[in-house]
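Under the UniProt record's numbering, the first residue of the sequence shown carries the number 1, and numbering increases by one thereafter.
Cβ atoms here follow ideal geometry from the backbone N, Cα and C, with glycine treated the same way.
Predicted, not measured: the structure shown is a model, and the values here were computed from it.
To keep things clear, I will list the structure first and then write my remarks on it.
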Amino acid sequence: MSKITTELLLERAVPRSTRLRKIETLNLSKLQLKTGDLDPRLFSRLRHLQKLDLSDNLLDKFPNSLTLPDLRVLNCNNNKLEDVTALKQFPLLEELTYENNVYLTLNDDYKVMFLLQNLRLLNGKDITKLANHVRRVNSRKLTSKVTAHWEKFFRDQLPEKYTAEQVKSIKKKFLKSVQTNVVYGPSSLSEFTRWRVKMIAEELLACSLGLDLSTDPEPEETMDENEEESTESPREAAEDVDQVVYIYDPLVTVTPSKRKRNHSKPGSGSKRSKTQANTEEEAEDVSAEPLHFLQCHSKGNSREDFKTQLWSCVFEPLLDCGARKDPIVSSSRTVATCGGESVCLIDCETGTVLKKYKVATEEFFSVAWTTLTMVISDSRKKSHNILAAAGRRGIVKLIHVAADFCYGEIKAHKKPIATVCFSPTQETHLFTASYDKRIALWDIGIPDCDYNFKASQLLVLEALSIPLRIALVPTCPDQYLLAGCEGGCFAWNIKLDKEQKSRPFEAIFQFPDEDGGMTTSHRVDGLAFLNDDVVVSKSSKPGCIYLWSWSRSFDTKGKGCQRTLSAVILAELEWSPTDLSYLTLSTCPAKNYVFCGDEKGSVWMYNLSNYTTAWTSPKGKRSDRRIPPTQILKWPELRENGEQLTEVLINNVVSDPTFTYLVVLTSVNITAIWKKS
Numbered sequence: 001m002s003k004i005t006t007e008l009l010l011e012r013a014v015p016r017s018t019r020l021r022k023i024e025t026l027n028l029s030k031l032q033l034k035t036g037d038l039d040p041r042l043f044s045r046l047r048h049l050q051k052l053d054l055s056d057n058l059l060d061k062f063p064n065s066l067t068l069p070d071l072r073v074l075n076c077n078n079n080k081l082e083d084v085t086a087l088k089q090f091p092l093l094e095e096l097t098y099e100n101n102v103y104l105t106l107n108d109d110y111k112v113m114f115l116l117q118n119l120r121l122l123n124g125k126d127i128t129k130l131a132n133h134v135r136r137v138n139s140r141k142l143t144s145k146v147t148a149h150w151e152k153f154f155r156d157q158l159p160e161k162y163t164a165e166q167v168k169s170i171k172k173k174f175l176k177s178v179q180t181n182v183v184y185g186p187s188s189l190s191e192f193t194r195w196r197v198k199m200i201a202e203e204l205l206a207c208s209l210g211l212d213l214s215t216d217p218e219p220e221e222t223m224d225e226n227e228e229e230s231t232e233s234p235r236e237a238a239e240d241v242d243q244v245v246y247i248y249d250p251l252v253t254v255t256p257s258k259r260k261r262n263h264s265k266p267g268s269g270s271k272r273s274k275t276q277a278n279t280e281e282e283a284e285d286v287s288a289e290p291l292h293f294l295q296c297h298s299k300g301n302s303r304e305d306f307k308t309q310l311w312s313c314v315f316e317p318l319l320d321c322g323a324r325k326d327p328i329v330s331s332s333r334t335v336a337t338c339g340g341e342s343v344c345l346i347d348c349e350t351g352t353v354l355k356k357y358k359v360a361t362e363e364f365f366s367v368a369w370t371t372l373t374m375v376i377s378d379s380r381k382k383s384h385n386i387l388a389a390a391g392r393r394g395i396v397k398l399i400h401v402a403a404d405f406c407y408g409e410i411k412a413h414k415k416p417i418a419t420v421c422f423s424p425t426q427e428t429h430l431f432t433a434s435y436d437k438r439i440a441l442w443d444i445g446i447p448d449c450d451y452n453f454k455a456s457q458l459l460v461l462e463a464l465s466i467p468l469r470i471a472l473v474p475t476c477p478d479q480y481l482l483a484g485c486e487g488g489c490f491a492w493n494i495k496l497d498k499e500q501k502s503r504p505f506e507a508i509f510q511f512p513d514e515d516g517g518m519t520t521s522h523r524v525d526g527l528a529f530l531n532d533d534v535v536v537s538k539s540s541k542p543g544c545i546y547l548w549s550w551s552r553s554f555d556t557k558g559k560g561c562q563r564t565l566s567a568v569i570l571a572e573l574e575w576s577p578t579d580l581s582y583l584t585l586s587t588c589p590a591k592n593y594v595f596c597g598d599e600k601g602s603v604w605m606y607n608l609s610n611y612t613t614a615w616t617s618p619k620g621k622r623s624d625r626r627i628p629p630t631q632i633l634k635w636p637e638l639r640e641n642g643e644q645l646t647e648v649l650i651n652n653v654v655s656d657p658t659f660t661y662l663v664v665l666t667s668v669n670i671t672a673i674w675k676k677s
């Protein structure tokens with residue numbers, strides 16, 4: 001039997017009423033209502049209802065036929081809503097709130113703004129300007145793109161005389177293709193874009209009678225600055241985006257001449273070898289331009305903060321379903337960055353700070369993503385991206401990004417955590433490397449609908465010095481972990497079928513020293529795999545980055561019980577002669593790139609595509625000379641209050657998986673975003 005009766009409705013009316021048709025305000029909050037309790041036959045009698053409060057219930061969706069023709073204000077806070085499209089049945093709605101519905105995202109905000117033409121307030125924020133942009137500018141541009149796609153690829157496929165089956169086939173192909181290829185706006189809105197594109201495409205086919213399009217397609221165009229500024233979240237913009245200082249204006253300006261494409265040539269002299277010529281040609285191919293310079297990690301939101309160090313950034317993974325994993329998006333544009341007291345999520349294309357998390361007493365050093373398959377209502381499963389952030393306090397914060405909710409923490413170490421990373425094969429397995437000279441493996445568990453979770457420690461790896469960087473071996477990520485430490489480069493067996501929970505290192509690698517000998521004693525502050533076998537590490541000595549073979553170096557262990565192994569060097573990369581530490585490196589395996597910043601604000605980029613084939617052969621020969629950078633991106637002339645910003649250290653450089661964007665973190669509280677052009 002439904003919880004809602006005529007008597008209940010009359011009693012919960014404000015003020016109480018004797019007739020359903022006279023009720024204008026109704027409070028049905030905190031009744032544990034589920035979707036099935038909303039009886040359309042009963043609600044259809046509330047013909048003059050204008051305000052409805054359904055907050056603090058268990059609703060996962062709205063029935064499609066509640067028939068409330070005069071509804072103006074609706075409160076759905078603190079429910080379990082998963083979809084908002086049924087709200088289109090309330091065309092006069094002016095005010096809508098649905099905060100703390102963890103499965104609703106920014107895409108849903110945009111859907112209701114489009115569907116509800118009279119909506120003025122969403123979650124307490126005036127969205128009039130943004131909604132007009134969504135309904136008009138966004139729709140106009142998507143319509144022109146959809147029409148152009150039909151004209152270019154599908155119109156000629158339909159014969160003059162066609163059958164119903166041919167129309168059905170063309171329609172199916174067109175809808176699939178247009179949702180795959182029509183892209184507009186930030187990747188965080190890809191689900192909304194796909195939804196609108198499908199809607200526009202279906203309207204276009206339905207209205208064109210025989211599919212003969214009469215609309216003149218407009219040329220494709222990119223979003224201008226004003227339109228980019230309008231793609232803000234009505235829930236988050238006031239709290240987060242306003243805290244960001246965009247470095248271009250007014251605080252810092254970029255000298256226009258420095259914004260030209262950078263084609264730095266590493267070679268010198270009048271004669272060029274074939275290799276040098278190829279290097280310079282490659283530099284033309286990988287030219288990059290600066291997109292944004294952001295100051296979004298300031299302590300206390302101070303515009304004068306150019307001291308906060310930024311340490312770690314990682315691109316959000318693509319989901320198997322939902323907003324970010326679809327054919328439209330080949331790679332995520334959303335990157336998580338950390339430094340000082342905050343963690344930020346940034347859309348690289350627009351420079352918009354989508355979300356910002358703060359812990360006043362923390363200094364964040366590292367962030368990492370995983371995708372958890374969580375159970376939602378009715379025992380259904382859904383994939384969600386979870387962000388782990390850790391730093392000076394030794395605590396790991398777990399953040400459900402789509403819900404904008406930090407749902408838990410793990411007190412992992414008593415000393416600061418230098419870096420964290422998730423296992424690529426076990427979604428709940430998190431490694432934390434700490435200043436206590438230990439690397440711990442945790443099972444963070446999967447939170448339930450109420451965000452209850454249980455974390456457990458599975459393993460502790462003992463190091464001789466502080467671990468700075470960690471990497472799981474790609475060919476056996478459940479068996480071996482490599483770590484760059486203050487006192488050398490080490491490997492551990494991490495297989496969980498062993499009984500030993502606390503383990504010493506299994507091998508330490510030695511590298512050439514400045515005197516021509518071999519040494520194990522050096523600080524390794526950069527470590528990453530270029531492919532399944534090639535390891536990139538620095539710095540055994542200034543001015544050099546080593547590339548070496550994991551399999552050929554570690555294979556020697558099978559010939560004896562030695563714990564000290566010589567790294568089989570494949571090549572050396574020419575780099576800055578600085579002896580400054582903690583300027584870390586990264587790789588883009590899909591494109592065979594290595595990136596590393598220096599002490600002068602420059603980014604050194606190495607395209608190693610011409611070398612990797614030779615290295616993968618069983619007896620791959622070492623490159624005879626140091627490999628110069630393919631390109632060096634110079635730091636542009638940024639000015640703070642009219643004075644040039646100098647002494648910029650590049651702490652970290654990370655590209656997205658397809659090397660479209662390059663995110664550069666600095667020692668002066670600036671996140672620089674470059675785009676491959």
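Straight through space, the alpha carbons of Pro290 and Ser677 are spaced by roughly 10 Å.
As DSSP reads the structure, Thr370 sits in a beta bridge with Ile386. Shown here, Glu7 sits in a helix according to DSSP, grouped into three states. For the pair Ile470 and Phe431, the CB atoms are nearer than the 7 Å cut-off. The residues Ser139, Leu142, Thr143, Val146, in chain order, have a CB closer than 8 Å to that of Ile200 in the same chain once the five nearest residues on each side in sequence are set aside.
The bridge partners DSSP lists for Arg503 are Leu461. DSSP lists no bridge partner for Ala86. Under DSSP, the beta-bridge partners assigned to Trp492 are Leu481. Around the beta carbon of Ala590, fewer than 16 other beta carbons sit within 10 angstroms, so the residue counts as exposed.
For Asn607, the three-state secondary structure derived from DSSP is strand. In the three-state reduction of the DSSP assignment, Lys173 falls in the helix class, which pools H, G and I.
Between Arg72 and the set Glu82, Thr85, Ser65, His48, the nearest pair of CA atoms involves His48.
With respect to Tyr435, Lys415 sits close: the two C-beta atoms are nearer than 7 Å.
Looking at the DSSP output, Tyr98 sits in no beta bridge, so it has no partner there. Of the candidates Leu294, Cys296, Thr352, Thr371, Thr371 places its Cα closest to the Cα of Pro317. When C-alpha distances from Tyr606 are compared across Pro629, Glu160, Cys489, the shortest belongs to Pro629. Using a Cβ-Cβ distance cut-off of 8 Å, the segment 561-573 and the segment 288-306 are not in contact, since fewer than three pairs of beta carbons, one from each stretch, lie closer than that value. By the beta-carbon neighbour count (other beta carbons within 10 angstroms, threshold 16), Ser617 is exposed. The alpha-carbon of Ala390 is positioned some 6 Å away from that of Phe365.
Ser312 sits buried, since 16 or more C-beta atoms from the chains shown fall within 10 Å of its C-beta. In the DSSP annotation of this structure, the continuous segment of the beta strand (DSSP E) that includes His400 starts and ends at 395-400. Here Ser188 is near Asp347, since their CB atoms are less than 7 Å apart.
Judged by DSSP secondary structure, His149 falls within the alpha helix (DSSP H) whose first and last residues are 139-153.
If you check the CB distance, Ser553 and Tyr546 do not come in under 7 Å. Of the candidates Gly408, Val197, Val524, Gly408 places its Cα closest to the Cα of Lys454.
With fewer than 16 other CB atoms across the displayed protein chains lying within 10 angstroms of its CB, Thr6 is exposed.
Shown here, Glu160 sits in coil according to DSSP, grouped into three states, outside any helix or strand. Distance between Asn75 and Pro91, taken at the CA atoms: about 15 Å. If you compare the alpha carbons of Leu649, Ser456, Trp369 with that of Thr425, the shortest gap goes to Trp369. In this structure, the beta-carbon distance from Val535 to Ser586 does not fall below 7 Å.
The beta carbon of Ile376 lies closer than 6 Å to those of Lys382 in the same chain, with the five residues before and after it left out. Straight-line measurement puts the Cα of Phe154 at about 20 Å from the Cα of Trp195.
With a beta-carbon spacing of about 11 Å, Val112 and Leu121 fall beyond the 8 Å limit used to define contacts. Under the DSSP definition of a beta bridge, Asp450 lacks any partner. Going by beta carbons, Asn77 and Glu99 fall inside the 7 Å limit. The straight-line gap separating the alpha-carbon atoms of Ser379 and Ala206 is approximately 38 Å.
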